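Q:
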Amino acid sequence: MPKKIRVLIAKPGLDGHDRGAKVVARALRDAGMEVIYTGLRQTPEDIVEAAIQEDVDAIGLSCLSGAHMTLFPEVVKLLKKRKSGDILVAGGGIIPEADIPKLKKAGIKIVFGPGTPLRDIVAFFETAGKGA
Amino acid sequence: MPARKGTASRSRDPVTGLVRDLLKGDKRAAAKLISLIEDDEPEATEALARIHPHTGRAHVVGFTGPPGVGKSSLINRLVRTFRGRGKKVGVVAVDPTSPYTGGAVLGDRIRMADTGVDPGVFIRSMATRGHAGGLALATFDAVRVLDALGMDLVLVETVGAGQSEVEIATRAHSTVVVEMPMTGDAVQTMKAGILEIGDVYVVNKVDLGNADVLVANLKFQLEPRDGWRPPVIRTAALEGRGIGELADALDRHAKFLDDTGLRKKREISRARLEILENAQRLLSRRVEAGSGFGRTFETMAKEVAERRFDPHSAARKLLHEPPRESD
Numbered sequence: 024m025p026k027k028i029r030v031l032i033a034k035p036g037l038d039g040h041d042r043g044a045k046v047v048a049r050a051l052r053d054a055g056m057e058v059i060y061t062g063l064r065q066t067p068e069d070i071v072e073a074a075i076q077e078d079v080d081a082i083g084l085s086c087l088s089g090a091h092m093t094l095f096p097e098v099v100k101l102l103k104k105r106k107s108g109d110i111l112v113a114g115g116g117i118i119p120e121a122d123i124p125k126l127k128k129a130g131i132k133i134v135f136g137p138g139t140p141l142r143d144i145v146a147f148f149e150t151a152g153k154g155a
Numbered sequence: 086m087p088a089r090k091g092t093a094s095r096s097r098d099p100v101t102g103l104v105r106d107l108l109k110g111d112k113r114a115a116a117k118l119i120s121l122i123e124d125d126e127p128e129a130t131e132a133l134a135r136i137h138p139h140t141g142r143a144h145v146v147g148f149t150g151p152p153g154v155g156k157s158s159l160i161n162r163l164v165r166t167f168r169g170r171g172k173k174v175g176v177v178a179v180d181p182t183s184p185y186t187g188g189a190v191l192g193d194r195i196r197m198a199d200t201g202v203d204p205g206v207f208i209r210s211m212a213t214r215g216h217a218g219g220l221a222l223a224t225f226d227a228v229r230v231l232d233a234l235g236m237d238l239v240l241v242e243t244v245g246a247g248q249s250e251v252e253i254a255t256r257a258h259s260t261v262v263v264e265m266p267m268t269g270d271a272v273q274t275m276k277a278g279i280l281e282i283g284d285v286y287v288v289n290k291v292d293l294g295n296a297d298v299l300v301a302n303l304k305f306q307l308e309p310r311d312g313w314r315p316p317v318i319r320t321a322a323l324e325g326r327g328i329g330e331l332a333d334a335l336d337r338h339a340k341f342l343d344d345t346g347l348r349k350k351r352e353i354s355r356a357r358l359e360i361l362e363n364a365q366r367l368l369s370r371r372v373e374a375g376s377g378f379g380r381t382f383e384t385m386a387k388e389v390a391e392r393r394f395d396p397h398s399a400a401r402k403l404l405h406e407p408p409r410e411s412d
């Protein structure tokens with residue numbers, strides 16, 4: 024049996040807009056991955072703890088509140104602190120173009136804005152799951 | 086594959102390192118070991134052999150019942166209650182795998198968010214990966230890992246079961262069957278299957294009303310088994326009602342198992358099932374491999390299809406069983 028790709032989809036921060044996260048979770052499921060969805064209003068600490076216990080290959084963070092510059096890098100920082108820097112982090116949501124280079128510098132592998140084709144998102148997590 | 090950072094690469098033998106860290110209470114090691122087991126990696130067998138002597142302390146409670154009845158929410162509350170009583174709690178929550186794509190959305194954690202970063206709690210979501218019966222093949226090996234991690238209690242949530250997913254009762258020390266009001270008439274509680282396996286029954290969502298009828302029907306049907314009369318507990322998980330009573334009932338059942346020697350009996354019947362299951366898996370694997378055994382199997386398959394042999398006799402020949410005598 025080939026190793027299953029496991030992904031955590033999480034919503035850090037206080038906005039309640041989870042349609043995007045759910046659409047992505049569904050697309051990854053249909054691509055044969057195991058998706059752990061943790062629901063709304065998670066702290067970076069909650070997300071990192073869940074990612075470690077679930078032994079995921081990657082985390083998808085969705086934020087539409089504008090707090091991504093604080094919350095996304097915090098997740099990467101905590102993962103490194105917990106010796107789990109091998110878990111890749113992707114971001115999505117309403118994120119201004121100008122912030123993307125800064126997020127990448129902070130360790131977010133990729134940022135998916137509105138209108139990203141689902142196949143691009145699936146392709147990223149498939150590569151992440153193969154340890155590339 | 087490049088060596089991953091952290092625990093696994095510290096030792097040349099990843100299993101030794103992981104097991105050592107697990108026994109020290111390291112959650113990351115527990116998580117990695119569960120993945121090895123789930124993916125059926127060759128190292129998993131060795132790891133489980135080393136873990137097994139360090140297990141047997143945790144009390145294992147299974148939760149079953151229809152989808153949406155509130156199993157995850159009950160477990161969420163129960164974890165908090167047991168934490169308040171100083172117990173460490175592990176959870177393995179099973180959800181179904183898609184029969185078409187092999188994928189799964191595991192959503193039990195959403196309702197278990199209250200315990201977040203509590204160091205005395207470990208929650209693992211698990212997909213069935215094609216196994217029927219409401220559990221995954223790896224579920225009880227994962228329970229073993231959490232037992233060795235030092236959890237006092239391990240709560241296992243089955244996939245939303247229908248009327249006959251009863252496997253959990255053959256594995257857990259205590260089985261909780263969760264029902265809710267307004268889901269059928271008295272005849273529903275008379276049916277065989279899921280309503281026979283509980284050590285504790287929960288009527289959840291009592292805030293919806295009409296719970297008295299179901300509680301009365303359940304009490305009417307339930308009979309003492311092995312000298313234990315299953316209690317019926319009323320709860321409203323979202324409001325936290327009845328959770329203390331449920332925890333008390335589980336403590337009473339654990340004590341009952343110890344006092345009567347039933348715990349030992351249940352452990353032995355579980356061991357029987359586990360040995361048989363593993364033997365079946367080994368046999369399947371031998372048949373798949375391109376060995377001499379696999380070739381004999383393929384030849385037999387052709388012979389059976391061409392009506393030169395029959396499947397019952399073929400199976401006996403494969404296992405070197407003598408022909409069956411009438412007894």
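Note that the protein sequences, when read in sequence, are chains R and P. First residue of the first sequence: 24, per the numbering used here; consecutive thereafter. First residue of the second sequence: 86, per the numbering used here; consecutive thereafter. Where a beta carbon is used, it is the ideal one built from N, C-alpha and C, also for glycine. Here the structure is a predicted model, which means the values were calculated and not measured.
Can you tell which of P:Ile279, P:Arg310, P:Gly327 has the C-alpha that lies nearest to the C-alpha of P:Asp292?
A: Of the listed residues, the one whose Cα sits closest to P:Asp292 is P:Gly327.
Q: Rounded to whole angstroms, what's the CA-CA distance from P:Ala93 to P:Gly192? Just pull it up for me.
A: The predicted position of P:Ala93 is uncertain, since its pLDDT is 43 and thus under 50; no value can be drawn from it.
Q: Among P:Ala189, P:Leu220, P:Ser259, P:Gly219, which has the Cα closest to the Cα of P:Leu238?
A: Closest option to P:Leu238, Cα to Cα, is P:Ser259.
Q: Could you give the first and the last residue of the continuous alpha helix (DSSP H) run that contains P:Gly377?
A: It spans 377 to 390 - the alpha helix (DSSP H) in which P:Gly377 sits, taken as one unbroken run.
Q: Leaving out five residues on either side along the sequence, give the residues of the same chain with a beta carbon under 7 Å from the beta carbon of R:Gly136.
A: Ile118, listed in sequence order.
Q: Taking P:Glu308 as the reference, which of P:Thr320, P:Val285, P:Leu323 has the closest Cα?
A: Out of P:Thr320, P:Val285, P:Leu323, P:Val285 has the C-alpha closest to the C-alpha of P:Glu308.
Q: If you pair each beta-carbon of the region 142 to 153 of chain P with each one of the region 226 to 240 of chain P, do three or more pairs fall below 8 Å?
A: With a cut-off of 8 Å, the region 226 to 240 of chain P and the region 142 to 153 of chain P count as touching, because enough Cβ pairs lie within range.
Q: Is the CB of P:Phe167 under 8 Å away from at least one CB in chain R?
A: Not an interface residue.
Q: Closer than 9 Å, Cβ to any Cβ of chain P: which residues of the region 111 to 135 of chain R, in chain order?
A: The region 111 to 135 of chain R vs chain P, Cβ under 9 Å: nothing.
Q: Tell me whether R:Ile28 sits in a helix, a strand or coil according to DSSP, three-state version.
A: Reduced to three states, the DSSP call for R:Ile28 is coil.
Q: In its own chain, which residues sit with a C-beta less than 8 Å from the C-beta of P:Pro87, not counting the 5 before and 5 after it?
A: Any answer about P:Pro87 is weak, because its pLDDT of 44 lies below 50 and its placement is not dependable; what the coordinates show is given next. So the list is empty, once near-sequence residues are dropped.
Q: In this structure, does DSSP put P:Pro396 in helix, strand or coil?
A: Helix at P:Pro396.
Q: Assuming P:Phe207 and R:Gln65 form a contact by the criterion Cβ under 8 Å, report the distance between their Cβ atoms to the nearest whole angstrom.
A: Wrong, their Cβ atoms sit about 17 Å apart, outside the cutoff.
Q: Please report whether the beta-carbon of P:Phe225 lies at a distance below 8 Å from any beta-carbon of chain R.
A: No, no contact with chain R.
Q: On the DSSP bridge list, what partners appear for R:Pro35?
A: In DSSP, R:Pro35 forms a bridge with R:Gln65.
Q: On a CA-only basis, which of P:Asp311, P:Met197, P:Val100 is nearest P:Val164? Give me that one, please.
A: P:Val164 has its Cα closest to that of P:Met197, out of P:Asp311, P:Met197, P:Val100.
Q: Just the Cα atoms here: how many angstroms apart are R:Val99 and R:Gly130?
A: If you take the alpha carbons of R:Val99 and R:Gly130, they lie about 6 Å apart.
Q: Closer than 8 Å, CB to CB, is R:Leu51 near chain P or not?
A: With 8 Å as the cut-off, R:Leu51 counts as an interface residue toward chain P.
Q: In three-state DSSP terms, what is R:Leu87?
A: In the structure shown, R:Leu87 sits in coil (DSSP, three-state: anything other than H, G, I, E or B).
Q: Helix, strand or coil, according to DSSP, for P:Glu410 in the structure here?
A: Reduced to three states, the DSSP call for P:Glu410 is coil.
Q: May I ask which residues mark the beginning and end of the alpha helix (DSSP H) holding P:Leu299?
A: Unbroken alpha helix (DSSP H) run through P:Leu299: 296 to 306.
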